[in-house]
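Each remark here refers to the structure printed beneath this line.
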Amino acid sequence: MAWTWFHRFGSPPHFYRIAGKLVPWFAVLAALACLGGLIGGLVLAPADHLQGEGYRIIYVHVPAAILSMMAYAVMALAAGTGLIWRMNVAYAVAASCAPIGTSFTLIALITGSLWGRPMWGTYWAWDPRLTSELLLLFLYLGYMGLRAAIEDTARADRASALLALVGVVNLPIIHYSVDWWNSLHQGHTLLKLGRPSMPPSMYVPLIAMIIGFMLYFGAVLLVRARGELLRRERTARWLLDVVGEA
Amino acid sequence: MLEWLSMGGNARFVWPSYAITLLVLWLNIRWARQAARTSRAEAKRRLAMQPSDS
Amino acid sequence: MSALLSPGGAAAQLIRRDLRLALRRPGEWLQPLGFFVIVTVLFPLALDPELSRLRDMAPGVIWVAALLSSLLALELLFREDGQDGSLEQLALSGLSLAWLLLAKTCVHWLLTGLPLVIVAPLLATALGAPVAALPGVLAALFLGSIALSLIGAIGAALTLGLRRGGTLLALIVLPLAVPVLVFGAQATALAIALEPLAGPLYLLGALAVLAATLAPLAAAGAVRISLE
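Take a look at the structure:
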């Protein structure tokens, strides 16, 4: 039962059509979730007793950071699927994740730096989470750079897929080594507003923003993936049906 | 209201954060749609150039 | 190479061949070593040559220099064989490509990594390290250079034949090399401070073992992808 679903999803015309239908739903739900999260986070939630109002940056910083890693995971999963089953749909999804993931990483870095300024007094202090995000940015750039350097789309797909898999295996190791390094040198850490110590009025909007960002990611991913798929399908008949329309 | 806008004195960090986030997210949407549109046009051109199959 | 050879026999033959070819042009293979020394020497020139200050920086300097040298050295790994088709023959030989690539990486390490390991204690001394620290420095660089060669082989295989693959190779390999850098530099720092370095050294060893088992597989996959 799951197999038939998997194979249908992997079939390009099906994916193209279903993705097209899902995009508006994801987009609207994303907007609603983010709106709710923003109202809850910016207006309704109380000020933090340690950081005052400045902590509200977490409502964009944390979702961006989470999504930057989720995008990489989805990219690696899609890449692995493409390698194993030689699926164009999977390769299209993997290729689409990279620019979106990079954007999330940049947002996380910039907002993290802006959050750090009032807390540490400088815009950057080698906090382990920010350093890990920076390395994640390089992983994304390496992936996109490799893709761009290879002319043949098929080889680019496979090579970057392998790189994504190598990267995803390395990510926990890199993360652990950066944490280890930071603990040695008593570096600054962005205060982790842990869930037990955060009242619901603070973390419910956060969850809403995270969900909103996830839905946003889904929407933009599907838009891009459809385009990527069109580039890969050479002479398939279904293209005529799709592209023949305006 | 003014107090809320000033974010307890941290306004110059909080609001740019949100602004940049919004900007990047919006650019992503535009970028994605542009890429999809270009791919469609390319696919159309490619199909037009091929000899029609049986 | 005959497909009738055992894997061990094939690896041995490959190692002998690679060594023979490399030793015909020793100059090329000494360049990474030269680079390592030059880069390390630049730091006292650029900064305060006072030994106690240099001692603090020594782990970082040595490890960044070693990392950059190993990046340069990677260009030599597949260049010849990629161009003249021998790599393709290896891939088609029916023997385990991962095993053959492990053999190739071994030779590559012997020629480009081992010299760094041998020279590093001398450079560490020049940067103010006490003599008692040198075995620790040796051990850390031994394990780290092995890990770097193996990880780098994946990047070299992915960028095979690409124009200006050098900068891309750096972008791909350096993030993956960060754990080696972190543990290696800390182990070296502890050695120089004459403190026990077993912790980071074990972690470094674990990375080297992990790399030795997984990297050849990834590199083999990458070579096949690049050769299609």
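Protein chains in written order, with our numbering: chain D, 777 to 1022; chain R, 4 to 57; chain G, 387 to 614. The beta-carbon is built from N, C-alpha and C at its ideal position, and this holds for glycine as well.
Where D/Phe782 falls, given that 16 or more other Cβ within 10 Å makes a residue buried: In the first sequence, counting from the first residue as 1, residue 782 of chain D sits at position 6. Looking at its Cβ environment, which holds fewer than 16 other Cβ atoms inside 10 Å, D/Phe782 is exposed.
Secondary structure of G/Gly514, DSSP reduced to three states: Residue numbering aside, residue 514 of chain G sits at position 128 when the third sequence is read from its first letter. When secondary structure is reduced to three states using DSSP, G/Gly514 falls in the coil class, being assigned neither helix nor strand.
Along the alpha helix (DSSP H) that carries D/Ala959, what are the first and last residues, could you check? In the first sequence, counting from the first residue as 1, residue 959 of chain D sits at position 183. Reading the sequence as shown, one finds Ser at residue 959 of chain D and not Ala. For D/Ser959, the enclosing alpha helix (DSSP H) has its first and last residue at 929 to 960.
With respect to the alpha helix (DSSP H) encompassing D/Ala866, which residues constitute its N-terminal and C-terminal limits? Counted from its first residue, the first sequence places residue 866 of chain D at position 90. From DSSP, the alpha helix (DSSP H) with D/Ala866 extends over 864 to 896.
Three-state secondary structure (DSSP) of G/Asp470: For the purposes of this step, residue 470 of chain G is identified with residue 84 of the third sequence, where counting begins at 1. Looking at G/Asp470 - three-state DSSP - the assignment turns out to be helix.
Would you mind telling me which residues of chain R sit closer than 7 Å to D/Trp1014, beta carbon to beta carbon, in chain order? Position 238 of the first sequence holds residue 1014 of chain D. Within chain R, no residue comes near D/Trp1014; the closest Cβ sits about 11 Å away, beyond 7 Å.
Taking Cβ-Cβ distances below 8 Å as the criterion, which residues of the region 23 to 46 of chain R are in contact with chain D? Within the region 23 to 46 of chain R, the residues whose Cβ lies closer than 8 Å to any Cβ of chain D are, in chain order, Ile23, Thr24, Val27, Leu28, Leu30, Asn31, Ile32, Trp34, Ala35, Arg36, Ala38, Ala39, Arg40, Thr41, Ser42, Arg43, Glu45, Ala46.
Near D/Ala841, which residues of its chain fall below 6 Å by C-beta distance, leaving aside the five closest residues on each side in sequence? Stepping through the first sequence from its first residue, residue 841 of chain D is reached at position 65. Contacts found: Ala884.
Going by the CB atoms, is the gap between G/Ala519 and G/Ile448 shorter than 9 Å? Numbered from its first residue, the third sequence carries residue 448 of chain G at position 62. Numbered from its first residue, the third sequence carries residue 519 of chain G at position 133. The criterion of a C-beta distance shorter than 9 Å is not satisfied by G/Ile448 and G/Ala519.
On the DSSP letters alone, give me the boundaries of the alpha helix (DSSP H) that D/Gln827 sits inside. Position 51 of the first sequence, counted from the first residue, corresponds to residue 827 of chain D. Counting along the chain, no alpha helix (DSSP H) covers D/Gln827, and no H or E run does either.
Would you mind giving the Cβ-Cβ distance between D/Pro737 and D/Gly816, rounded to the nearest angstrom? I have them listed as a contact below 8 Å. Because chain D here runs from 777 to 1022, residue 737 of chain D falls outside it and cannot be looked at.
Secondary structure at D/Val975, three-state DSSP: helix, strand or coil? On the first sequence, residue 975 of chain D is found 199 positions in, with the first residue counted as 1. The amino acid at residue 975 of chain D is misidentified as Val; the sequence shows Pro. It is coil, neither helix nor strand.
Assuming the contact rule is C-beta atoms closer than 8 Å, D/His788 and D/Asn864 should be a hit. Round their C-beta distance to whole Å, please. Here residue 788 of chain D refers to the residue found at position 12 of the first sequence. Here residue 864 of chain D refers to the residue found at position 88 of the first sequence. The residue you asked about is not His; residue 788 of chain D is Pro in the sequence shown. Contact annotation, D/Pro788 with D/Asn864: C-beta distance approximately 6 Å; criterion of less than 8 Å satisfied.
Using a Cβ cut-off of 7 Å, pull out every chain G residue sitting near D/Trp891, in sequence order please. To locate residue 891 of chain D, count along the first sequence from 1; it is residue 115. One finds nothing in chain G with a Cβ atom closer than 7 Å to the Cβ of D/Trp891; even the nearest lies about 24 Å away.
Name the chain R residues that come within less than 9 Å of D/Glu1004, Cβ to Cβ? The sequence position of residue 1004 of chain D within the first sequence is 228, counting from 1. Proximity of chain R to D/Glu1004 at the Cβ level (cut-off 9 Å) is accounted for by Ala38, Ala39, Ser42, in chain order.
By the DSSP assignment, the alpha helix (DSSP H) with G/Ile532 in it spans what residues? Within the third sequence, numbered from 1, the residue matching residue 532 of chain G stands at position 146. Looking at the DSSP string, the run of the alpha helix (DSSP H) that includes G/Ile532 is 520 to 544.
Compute the beta-carbon to beta-carbon distance between D/Ile950 and G/Pro561, rounded to the nearest angstrom, for a pair I have assumed lies under 8 Å. As a position in the first sequence, residue 950 of chain D is number 174, starting the count at 1. As a position in the third sequence, residue 561 of chain G is number 175, starting the count at 1. D/Ile950 to G/Pro561, Cβ: 7 Å. Contact.
Minimum Cβ-Cβ distance from G/Pro602 to chain D less than 9 Å: In the third sequence, residue 602 of chain G corresponds to position 216, counting from 1. Chain D places no beta carbon closer than 9 Å to that of G/Pro602, leaving this residue out of the contacts.
For D/Tyr899, does the count of other Cβ atoms within 10 angstroms reach 16, so buried, or fall short, so exposed? On the first sequence, residue 899 of chain D is found 123 positions in, with the first residue counted as 1. Exposed: under 16 other Cβ atoms inside 10 Å.
G/Ser438 versus G/Thr426: straight-line alpha-carbon distance, rounded: Taking the first residue of the third sequence as position 1, residue 438 of chain G is located at position 52. Taking the first residue of the third sequence as position 1, residue 426 of chain G is located at position 40. Here the alpha carbon of G/Ser438 sits roughly 16 Å from the alpha carbon of G/Thr426.
Considering only their Cβ atoms, is the gap separating D/Arg934 from D/Leu859 smaller than 9 Å? Counting from 1 along the first sequence, the entry for residue 859 of chain D is found at position 83. Counting from 1 along the first sequence, the entry for residue 934 of chain D is found at position 158. Cβ atoms of D/Leu859 and D/Arg934: closer than 9 Å.
Buried versus exposed, by CB contacts within 10 Å (16 or more), D/Ser959: Here the question's residue 959 of chain D lines up with position 183 in the first sequence. Result: exposed.
Find the residues of chain A that neighbour G/Gln475, judging by a C-beta separation of less than 8 Å, and give them in chain order. Of the chains in the structure shown, none is chain A; the protein chains are D, R and G.
DSSP-derived helix/strand/coil call for R/Asn13: Counting from one through the second sequence, the residue named residue 13 of chain R turns up at place 10. In the structure shown, R/Asn13 sits in coil (DSSP, three-state: anything other than H, G, I, E or B).
For G/Val559, report the span of its alpha helix (DSSP H) as first-last. On the third sequence, position 173 is the one that residue 559 of chain G refers to. Counted as a single uninterrupted DSSP element, the alpha helix (DSSP H) harbouring G/Val559 occupies residues 551 to 578.
Pick helix, strand or coil for R/Leu8, following the three-state DSSP scheme. As a working mapping, residue 8 of chain R is identified with position 5 in the second sequence. In the structure shown, R/Leu8 sits in a helix (DSSP, three-state: H, G or I).
Do G/Ala606 and G/Thr574 come within 9 Å of each other at the CB atom, strictly closer than that value? Here residue 574 of chain G refers to the residue found at position 188 of the third sequence. Here residue 606 of chain G refers to the residue found at position 220 of the third sequence. For the 9 Å CB-CB criterion, G/Thr574 and G/Ala606 do not form a contact.
Is the shortest distance between the beta-carbon of D/Phe914 and the beta-carbons of chain G less than 9 Å? Your numbering for residue 914 of chain D matches position 138 in the first sequence. Yes, D/Phe914 lies at the interface with chain G (some Cβ there is under 9 Å from its Cβ).
What does D/Thr887 touch in chain R if you count any residue whose Cβ is under 8 Å from its own? Along the first sequence, read from residue 1 onward, the residue named residue 887 of chain D stands at position 111. Contact annotation for D/Thr887 against chain R: Ser20, Ile23, Thr24 [CB-CB distance below 8 Å, chain order].
With C-beta atoms as the reference, is D/Ser872 less than 9 Å away from R/Ala35? What you label residue 872 of chain D is simply residue 96 of the first sequence in a count that begins at 1. What you label residue 35 of chain R is simply residue 32 of the second sequence in a count that begins at 1. For D/Ser872 and R/Ala35, yes; Cβs fall inside 9 Å.
So D/Tyr919 is in the alpha helix (DSSP H); what residue range does that whole segment cover? If you number the first sequence from 1, residue 919 of chain D lands on position 143. Segment 904 to 925, the alpha helix (DSSP H) holding D/Tyr919.
State yes or no: is the C-beta of G/Arg360 within less than 9 Å of the C-beta of G/Leu557? Nothing about residue 360 of chain G can be read from this structure; chain G reaches only from 387 to 614.
Start and end of the alpha helix (DSSP H) containing G/Arg610? Here residue 610 of chain G is taken as the residue at index 224 of the third sequence, counted from 1. Start and end: 584 to 613.
Output the boundary residues of the alpha helix (DSSP H) element that contains G/Ile424. Against the third sequence, residue 424 of chain G aligns to sequence position 38. Where G/Ile424 is concerned, the enclosing alpha helix (DSSP H) stretches over 412 to 432.
Using 10 angstroms around the beta-carbon of D/Lys797, count the other beta-carbons present and answer buried if the total reaches 16, otherwise exposed. Residue 797 of chain D sits at position 21 when you count from the first residue of the first sequence. Answer is exposed; the Cβ neighbour count stays below 16.
Mind checking which residues open and close the alpha helix (DSSP H) that includes D/Tyr792? For the purposes of this step, residue 792 of chain D is taken as residue 16 along the first sequence, with counting starting at 1. Run containing D/Tyr792: 788 to 814, per the alpha helix (DSSP H) assignment.
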